[in-house]
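Engineer:
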Amino acid sequence: VTKRNDFQYILCLDVSRWGRFQDIDLSAQFSAICKKHGKQVIYTTIGKPREDDPLYPVYVQFERFRAAQYSRELSDKVWRGCAKIVEQGYWAGGSPPFGTRRLLLDEKREPLHTLDVGQRKGIQNQRVTLIKGDPDEVAVIRRIFHEFVDLGYSEYRIAEGLNDEGILSPSGRQWRAGSVVSRLRNETYIGTIVYNKTSQKLKTPRRDNPPDEWVKSPEAFDGLVSLDAFIRAQELLEKRRERYDPAVMLKQLHQLYDDYGFVRPSLLRSDESLPKSGSYSRQFGSLDRAFQQIYQEQLEQTKIAVHEQLRQHVPEVLSYSDFYVLDQKLTVSIEPTLPVPHGYGAYWPVRPDSRSVIDITLGVLLADAGTTDILGYVALPRWLAGPKVVRFGSASTRTELFGRSDLTFLQSLL
Numbered sequence: 076v077t078k079r080n081d082f083q084y085i086l087c088l089d090v091s092r093w094g095r096f097q098d099i100d101l102s103a104q105f106s107a108i109c110k111k112h113g114k115q116v117i118y119t120t121i122g123k124p125r126e127d128d129p130l131y132p133v134y135v136q137f138e139r140f141r142a143a144q145y146s147r148e149l150s151d152k153v154w155r156g157c158a159k160i161v162e163q164g165y166w167a168g169g170s171p172p173f174g175t176r177r178l179l180l181d182e183k184r185e186p187l188h189t190l191d192v193g194q195r196k197g198i199q200n201q202r203v204t205l206i207k208g209d210p211d212e213v214a215v216i217r218r219i220f221h222e223f224v225d226l227g228y229s230e231y232r233i234a235e236g237l238n239d240e241g242i243l244s245p246s247g248r249q250w251r252a253g254s255v256v257s258r259l260r261n262e263t264y265i266g267t268i269v270y271n272k273t274s275q276k277l278k279t280p281r282r283d284n285p286p287d288e289w290v291k292s293p294e295a296f297d298g299l300v301s302l303d304a305f306i307r308a309q310e311l312l313e314k315r316r317e318r319y320d321p322a323v324m325l326k327q328l329h330q331l332y333d334d335y336g337f338v339r340p341s342l343l344r345s346d347e348s349l350p351k352s353g354s355y356s357r358q359f360g361s362l363d364r365a366f367q368q369i370y371q372e373q374l375e376q377t378k379i380a381v382h383e384q385l386r387q388h389v390p391e392v393l394s395y396s397d398f399y400v401l402d403q404k405l406t407v408s409i410e411p412t413l414p415v416p417h418g419y420g421a422y423w424p425v426r427p428d429s430r431s432v433i434d435i436t437l438g439v440l441l442a443d444a445g446t447t448d449i450l451g452y453v454a455l456p457r458w459l460a461g462p463k464v465v466r467f468g469s470a471s472t473r474t475e476l477f478g479r480s481d482l483t484f485l486q487s488l489l
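Residues 76 to 489, numbered by my numbering, are exactly what the sequence shown covers, in order.
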């Protein structure tokens, strides 16, 4: 529009073709941009506006509202139509789940032929249902349920076994534990068609819908696994989900530390009943931070003790939520940290506070998990340390650079 000078008008069939924006101001904005660059938008069903017509802008704005309303109504009709099709026991659309194929039915609901990827029905009163797909894919689904329900394998072990045999996942990649769990939770494999698990209407962000909004049609076709196997799988999954409760995860990690004297990802991998290190990272930020959370009460007591020591070295210490202001000049965040056993030694993980309001993160290195004895301090300036976790070892150059034996150094910073 800005570079071409060989036209003056943009012809549009009607207002709805210009754009069925839910925010009608957007339609007006794009028209104004064109007008700003010397290009006038003309709707052919309305005609070229007259300069002495005061009602033309009002009429165009009303048509924009009608276009937006039409989109909303059409979206609702399409959704209701798809929901009704599912309630009748047919497939509403989309790619079929792994291990199934789409079968086209005529107007008398007699089978015609299977639909390949990308094929669609050609007549409105035809319907589509699901049937068992490739025998190899069906065998994989049944194997997953058998190993999980009957043999007691974890989702990690099942995925590892499939990958070892070179069997690819539905995405054409290696299997993951999450891929296995999604197959185990999919009601399609017992012949139930489910619709509206997620929704994305009128270009809004996709959202997961609660189960009470799902549209289901049980026994719509012959399932790949038995109902009993599916129910048992859900019961096992529910029991396994309990172990991902934060309190349970910390209790298991504490027990692991008491048994072995250290915590490593390899220990978690060796026991299928325990969450893996990735689960701890998602829940607590990292395995190290999860280990620190085990002794949360001890860490809180240390913060109180350090606060009292600050008052002995600094004339004025003001507390603001979770940090302190020293002499109205320096902000300090206190982060006690326990030694994490590693090999023949240990390290102390400290996460610098990256908030702009914090000047220094004061890492407090504790002697042991069972005491509040302080070995020393590390002062990490926000502008120097960055937001990542910093590990300090007993013989680390970082410890020599940032380490302090007491808090007297703060006086030189004020």
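All residues carry an ideal CB built from backbone N, CA and C; glycine is no exception.
A quick note: this is a predicted structure, and the numbers were derived from the prediction, not measured.
#1: What's the gap between the Cα of Leu374 and the Cα of Phe467?
#2: Got a sec, what are the start and stop residues for the alpha helix (DSSP H) Arg490 sits in?
#3: Between which two residues does the beta strand (DSSP E) containing Leu178 stretch?
#4: Contact check, Phe220 vs Val300 under 8 Å by CB: the rounded distance?
#5: Identify every residue that forms a DSSP beta bridge with Phe467.
#6: Quick one: Cα of Arg479 to Cα of Gly451, how far?
#7: Consult DSSP for Arg386 and reduce its assignment to one of helix, strand or coil.
#8: On the premise that Phe398 lies in contact with Val392, defined as a C-beta separation below 8 Å, what is that separation, rounded to the nearest angstrom?
#9: Do Ser361 and Val464 come within 8 Å of each other at the CB atom, strictly closer than that value?
#10: In three-state DSSP terms, what is Thr406?
#11: Shortest alpha-carbon distance to Gly113 belongs to which of Tyr134, Trp93, Asn80?
#12: With DSSP run on the structure shown, which of helix, strand or coil describes Ser429?
#13: By Cβ distance, which residues of its chain are closer than 8 Å to Thr447, with the 5 residues on each side in sequence left out?
#14: Would you give the residue range spanned by the beta strand (DSSP E) that Leu440 belongs to?
#15: Counting Cβ pairs, one atom from each stretch, are 3 or more of them under 8 Å apart for the segment 248-258 and the segment 231-240?
#16: Candidates Ile306, Glu313, Pro293, Phe366: which alpha carbon is nearest Leu328's?
#17: Expressed to the nearest angstrom, what Euclidean distance is found between the alpha-carbon atoms of Asp127 and Tyr145?
#18: For Leu312, which residues in the same chain have their Cβ closer than 8 Å to its Cβ, ignoring the five residues on either side in sequence?
#19: Exposed or buried, what is Ser102 when buried is set at 16 or more other beta-carbons lying within 10 Å of its beta-carbon?
#20: Quick check on Val213: does DSSP put it in helix, strand or coil?
#21: Within a Cβ cutoff of 7 Å, which residues of the same chain sit near Gln275, ignoring the five residues on either side of it in sequence?
#22: Using beta-carbon positions only, say whether Tyr332 and Cys157 come within less than 8 Å of one another.
#23: Suppose only complete runs of 4+ residues qualify. What are the alpha helix (DSSP H) ranges in the segment 325-364, listed by chain order?
#24: How many angstroms separate the CA atom of Gln194 from the CA atom of Arg426?
#25: Going by DSSP in three states, Lys196 sits in which element: helix, strand or coil?
Structural biologist: Inspection of the coordinates gives the following:
#1: 17 Å
#2: Residue 490 falls outside the range modelled here, since the chain spans only 76 to 489, and no answer is possible.
#3: 175-180
#4: 5 Å
#5: Trp423
#6: Near 6 Å, if we compare the C-alpha coordinates of Gly451 and Arg479.
#7: helix
#8: With a Cβ gap of about 11 Å, Val392 and Phe398 do not count as contacting.
#9: yes
#10: strand
#11: Asn80
#12: coil
#13: Gln373, Gln376, Thr377, Ala380, Leu441
#14: 435-441
#15: yes
#16: Phe366
#17: 30 Å
#18: Taken in chain order, the residues that qualify are Val256, Leu259, Arg260.
#19: buried
#20: helix
#21: Arg281
#22: no
#23: 340-345, 352-359
#24: 53 Å
#25: coil
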